[in-house]
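Encoded as structure tokens, the structure appears first; notes follow it.
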Amino acid sequence: MRKKIVAGNWKMNKTLQEGVALATELKDILAAEKPNCEVIIGTPFIHLATLSELLKDSVIAVSAENCANKASGAYTGEVSAAMVKSTGAEYVILGHSERREYYHETPEILKEKVDLALENGLKVIFCIGESEAERDNNQQEAVCKAELAGSVFHLTPEQWKNIVIAYEPIWAIGTGKTATAEQAEEIHAYIRKCVAEVYGAEMADETSILYGGSCKASNAPELFSKPDIDGGLIGGASLKAPDFKGIIDAWK
Ligand code: PEP
0 MRKKIVAGNW KMNKTLQEGV ALATELKDIL AAEKPNCEVI IGTPFIHLAT
50 LSELLKDSVI AVSAENCANK ASGAYTGEVS AAMVKSTGAE YVILGHSERR
100 EYYHETPEIL KEKVDLALEN GLKVIFCIGE SEAERDNNQQ EAVCKAELAG
150 SVFHLTPEQW KNIVIAYEPI WAIGTGKTAT AEQAEEIHAY IRKCVAEVYG
200 AEMADETSIL YGGSCKASNA PELFSKPDID GGLIGGASLK APDFKGIIDA
250 WK
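Numbering follows numbering that gives the first Met the number 0, with no gaps: position 109 of the sequence shown is 108.
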């Protein structure tokens, strides 16, 4: 059975102290009431070591939101996959549309990041998804397939086991416009078909594919009830413990 996952993406929010407070609150809530899914929080680099230590005996795994496309050296301000791993973090989110758009991360750069993350023992939450104009032109399938082919379909089947896909339509991120459960299921099923073409039906069936884009406690149950939606990557609603817990509870 593939994993059900609810993963938070804090983006560039929370000071270290605020992040510790939020993670502590979430840890306590989930210790009192065990989740029915894997729970991950994606945080800025500065939180990783502290939160990995704080959450080490909890049900919550820690993820970075990015890593460098170079292994080490004279790249001022960058943080390598090995450095992320050394904090105790287990995951890294790569390919988020904000990084593709604002930091010009191309499929080639993302491929380098994915390779380095896996080489250093991190699991990757790899984000794909179309813009509003691409959806209007019915290009969502072509966009998702190209993003997968450009950065992750070169991986070996063994490496693929450490990949989680997050389908995040750009028009739904932070906009309050959620894809309908039917729209999301349709593209999730297509993504799984693309994975099956490369890695076979069995591995595709084992691959967790998350939905991201204005997911909240009110719409998560319907989205997660669909057969090819294995959970969510959550932005805004991961910044308050009760909101995030509401989404985790959709798996109950
Ligand atoms: C995201 O950026 O990964 C995301 C899904 O954001 P939001 O939930 O705020 O739409």
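The beta-carbon is built from N, C-alpha and C at its ideal position, and this holds for glycine as well. Since we're looking at a predicted model, the values are computed, not measured.
Between the CA atoms of residue j and residue i - distance to the nearest angstrom
i      : j      : result
Phe243 : Lys33  : 14 Å
Lys192 : Lys2   : 18 Å
Ala22  : Leu54  : 8 Å
Leu15  : Leu25  : 15 Å
Asp56  : Val123 : 22 Å
Ala48  : Cys214 : 28 Å
His153 : Pro43  : 28 Å
Asp227 : Glu185 : 9 Å
Glu104 : Lys10  : 16 Å
Ala188 : Ala165 : 13 Å
Ile246 : Thr177 : 14 Å
Nearest neighbour of residue i, chosen from the options [CA to CA]
i      : options                           : result
Ala67  : Lys112, Ala132, Ala236 and Val38  : Lys112
Cys36  : Val197, Leu232, Ala236 and Lys239 : Leu232
Thr174 : Glu131, Trp9 and Lys225           : Glu131
Ile28  : Val58, Leu47, Thr49 and Pro43     : Val58
Gly7   : Lys239, Leu154 and Gly72          : Lys239
Gln158 : Tyr198, Lys251 and Ile208         : Tyr198
Leu121 : Ile186, Ile247 and Gly41          : Gly41
Met0   : Thr206, Trp250 and Pro241         : Thr206
Ala249 : Asp227, His153, Ala216 and Asp229 : Ala216
Ile162 : Ala171, Val151 and Ile169         : Val151
Lys160 : Ile169, Glu97, Tyr74 and Ile208   : Ile208
Tyr101 : Leu147, Met82 and Ile169          : Ile169
Glu201 : Val5, Pro156 and Val19            : Pro156
Glu181 : Ser71, Ser224 and Ile172          : Ser224
Val5   : Val38, Lys176, Ala31 and Tyr74    : Val38
Ala116 : Ile172, Ser71 and Thr75           : Ser71
Test item: CB-CB of residue i and residue j under 9 Å
i      : j      : result
Gly149 : Leu109 : yes
Val91  : Glu64  : yes
Ala60  : Glu17  : no
Gly211 : Gly128 : yes
Glu167 : Cys126 : yes
Ala203 : Ala195 : yes
Ser62  : Gly87  : no
Lys69  : Ser85  : no
Extent of the continuous beta strand (DSSP E) run through residue i
i      : result
Ala165 : Ile162 to Tyr166
Leu154 : Taken as a continuous stretch (DSSP letters only), Leu154 belongs to no beta strand (DSSP E), as it is neither H nor E.
Glu64  : Element bounds for Glu64: n/a, residue is neither H nor E.
Thr42  : Glu37 to Thr42
Ala6   : Ile4 to Asn8
Endpoints, the alpha helix (DSSP H) within which residue i is located
i      : result
Ile247 : Ala240 to Ile247
Cys143 : Gln139 to Ser150
Tyr101 : Ser96 to Tyr101
Val194 : Ala180 to Tyr198
Ile28  : Leu15 to Ala31
Cβ contact (3+ pairs, closer than 8 Å) linking the segment 128 to 142 and the segment 215 to 230 = no
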